[in-house]
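Below: one structure, written as structure tokens.
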Amino acid sequence: HNSRIFQTQSTDAIVRILLEERGIIDTTFDLKRSPEEREYCVQHRESDLDFIERLAAEEGWHYRYSHGELNGEEPPRLIIADHHGDAPRLEPVQYNARAGGSTKQPAVFRFSYQERVRAASVAMKDYTFRNPAYALMHEHQADRLEGQREDYQHYDYPGRFKADASGRPFTEARLDGLRNDASTASGQSNRPDFTVGAKTELTEHDHPALNREWLLTGVTHKGEQPQALEEEGGSGSTTYHNAFNAIPADRTWRPNPNTIRRPLMDGPQIAIVTGPEGEEIHCDEHGRVKVRFPWDRYAANDEYSSAWLRVSQGWAGGQYGFIAIPRIGHEVIVSFLDGDPDQPIITGRTFHATNTPPYALPEHKTRTTLKTRTHKGEGSNELRFEDEADQEQIYLHAQKDLDLLTENNRTEVIKNDSHLTVDNHRKAHIKGNDHVTVDGEKRETVGGDCSQTIGGTFHQTSAQSTLSEAGTEVHHKAGSKVVLDAGAELTISAGGSFLKLGPSGVTLSGPGINLNSGGSPGTGSGQGVVMAEMPRVIEGDQPHEPGQEALAEVDQRENAPAINIESQVAALRKGNATCPVCEEQNS
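Residue numbering for the sequence shown follows this note's numbering, starting at 503 and increasing by one per position.
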């Protein structure tokens, strides 16, 4: 009785491992069809024998024994096969209905034949996320129904296959298993060489149709030899007989999977996300991760602990949705599709004593938080909602960059104060107009230079005064003219001299007045405007264009024909397993 996980191994390889662990080394696999590799196969709370028989039933295998030779030239061995072509053939056996038989040779002295109504066909369907549009369905119709109606179909989902290579043989094996007792015989004989898996021909039966070759499917031997008990022995004679079951030798006997117990997971289980040493996040192109279950005593906490497990996300569409990859060491909740141990899927995540919530509880029970952690570094990104009365808050923290992209309008209304602090530079680019209305005061403080470049005309209106002061110099330069227009008075004052223009006239005062007597005008420093720098453009990753790679997982060669989506949809509706690419390649 054990629980363990096998990964990327074929069924015969799994069975061989189990047998060799029990010291059964001489095993022969007589298989006409090589089994497909199983990505993830779980033995869950079942004995090794139950596990082997369950796998064998799915593959359509039976097992029998070759007892070898007494001289040791041929050792005993276990034979696992998917056909009866190599079954040992015994000598024909005579039918003798007289009680106990009265012939010198061993014979069959009781023989009965039964036919039962069983499934006439099997249809099995499954689903794979790798090819969601493909109708993964297979059907198989029985022949030689012996007069039974053909419309008794056995349909099952899931069929426990993810590809046609397994679907077809699984469906055939299921039908053979369901019909393994459709035509059966039972009887008694005193042939001691009767053994399960052997074929023998019945002769001299009163019903000619029964004089044919039969495949023994079950034998129970019973013998008595009182003399062997010595002192306690009686005087009775040595007797032997057996009871047997058989089917026509031209039929294929396979185990019926419906009669074999399949382990079901009682509910979700806890697991820990695993990955390579030194890595924090380990996933594949589908966002799947690997885990280690607490009951798995064989796996290590590395990238080989399990197969890839799909992860349920809050929203999953075509190139849109929500995604958060569970990280190594996280505790996750694993559910199982249809209770099947071989089909785990992560449906939740939980905190535990080591991985605690972002904020202490219940102290901060009113906070709803989405907080990440920097990959291989210190820090985090966070979106937090505080719902405590009178402390309501939405908090956004970007550990490095924050990029916002609005494809159309953005409207922002602040009913109290707005504060902005930029520790380095601030750059803005408005491709249209910029309108700012301040109902109260506007104050600006510039610690260094202030440059302003205007491509058109600069207009400035002040309802009262316009006051300007420069610590060293004021320089105005016009390419054509400068006009100073004052309604009442205009004064120019410098170095104790002044020029005053007013309603009463023009007043010019100074230590001396020079008119056309030489000299030169004063010069200014001239403007040195620095052009504004442009802000950077958002270069965040954009979703890649959706392709057709998810529509069909078929031939990936460069010249593979395009997938006919309409045919795929039609196949899905009809339930027939057809793929236009495969059909074209097989034609």
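C-beta atoms are modelled at their ideal positions from N, C-alpha and C, and glycine is treated no differently.
- The beta-carbon distance between S549 and H585, rounded to whole angstroms, is 27 Å. This is too long to meet the 8 Å contact definition.
- In summary, E571 is exposed, with fewer than 16 beta-carbon neighbours lying within 10 Å of its beta-carbon over all protein chains present.
- Annotation: F553 is outside any beta strand (DSSP E); the continuous alpha helix (DSSP H) that includes it extends over D550 to E561.
- 8 Å or more divides the Cβ of N692 from the Cβ of P759.
- By the CB criterion at 8 Å, P590 and E703 fall outside the cutoff.
- In the displayed model, D695 falls within coil according to three-state DSSP, outside both helix and strand.
- DSSP, reduced to helix, strand and coil, places A665 outside both helices and strands of the structure shown, so it counts as coil.
- Going by DSSP, E833 is part of the beta strand (DSSP E) stretching over E833 to F838.
- Looking from the CA of E781, the closest CA among H877, P694 and F795 belongs to H877.
- Distance from the CA of I827 to the CA of V775, rounded to the nearest whole angstrom, comes to 10 Å.
- By the 16-neighbour rule on beta-carbons within 10 angstroms, D528 is exposed.
- Residue environment analysis places K664 among the buried positions, since at least 16 neighbouring C-beta atoms fall within 10 angstroms of its C-beta.
- For V517, the enclosing alpha helix (DSSP H) starts and ends at T513 to E523.
- For the 8 Å CB-CB criterion, I830 and I783 form a contact.
- Contact annotation: G1012 and G998 have beta-carbon atoms nearer than 8 Å.
- Taking H709 as reference, the option from N857, A599 and L969 with the minimal CA-CA separation is A599.
- Shown here, P634 sits in coil according to DSSP, grouped into three states, outside any helix or strand.
- Given a length threshold of 3 residues, each whole run of the beta strand (DSSP E) inside the segment 575-623 is given here in chain order: 579-583, 595-597 and 609-617.
- K792 sits away from E779, with the two beta carbons spaced by 8 Å or more.
- Residues of the same chain with a CB within less than 7 Å of the CB of E1035, apart from the 5 flanking positions on each side, are K929 in chain order.
- As the crow flies, the alpha-carbon of V517 is around 6 Å from that of I554.
- The Cβ atoms of T686 and I749 sit closer than 8 Å to each other.
- Assigned with DSSP and collapsed to three states, P710 falls in helix.
- The residue among S614, V1032, S668 and D653 with its C-alpha nearest the C-alpha of H640 is S668.
- If you look at K902, you'll find it isn't in any beta strand (DSSP E); DSSP assigns it neither H nor E.
- In the DSSP assignment, D532 forms a beta bridge with A583.
- Contact between Y597 and D628 is ruled out by a C-beta separation of about 46 Å, above the 8 Å threshold.
- With respect to the C-alpha of E880, the residue from L863, T868, Q901 and A751 having the closest C-alpha is Q901.
- For R556, the closest C-alpha among the options R763, R756, A625 and S1022 is that of R763.
- Three or more beta-carbon pairs separated by less than 8 Å link the segment 718-726 to the segment 739-753, which places the two stretches in contact.
- Rounded to the nearest whole angstrom, the CA to CA distance from P537 to R681 is 22 Å.
- The beta-carbon distance between G841 and L766, rounded to whole angstroms, is 4 Å. This is short enough to meet the 8 Å contact definition.
- Here M1033 is exposed: its Cβ has fewer than 16 other Cβ atoms, across all protein chains shown, within 10 Å.
- For R620, the CB contacts under 8 Å within the same chain, skipping 5 residues up- and downstream, are Q650, Y654, L680, R681, D683 and A684 in chain order.
- Taking a contact as a CB-CB distance under 8 Å, the pair I825 and G789 counts as one, their CB atoms being some 6 Å apart.
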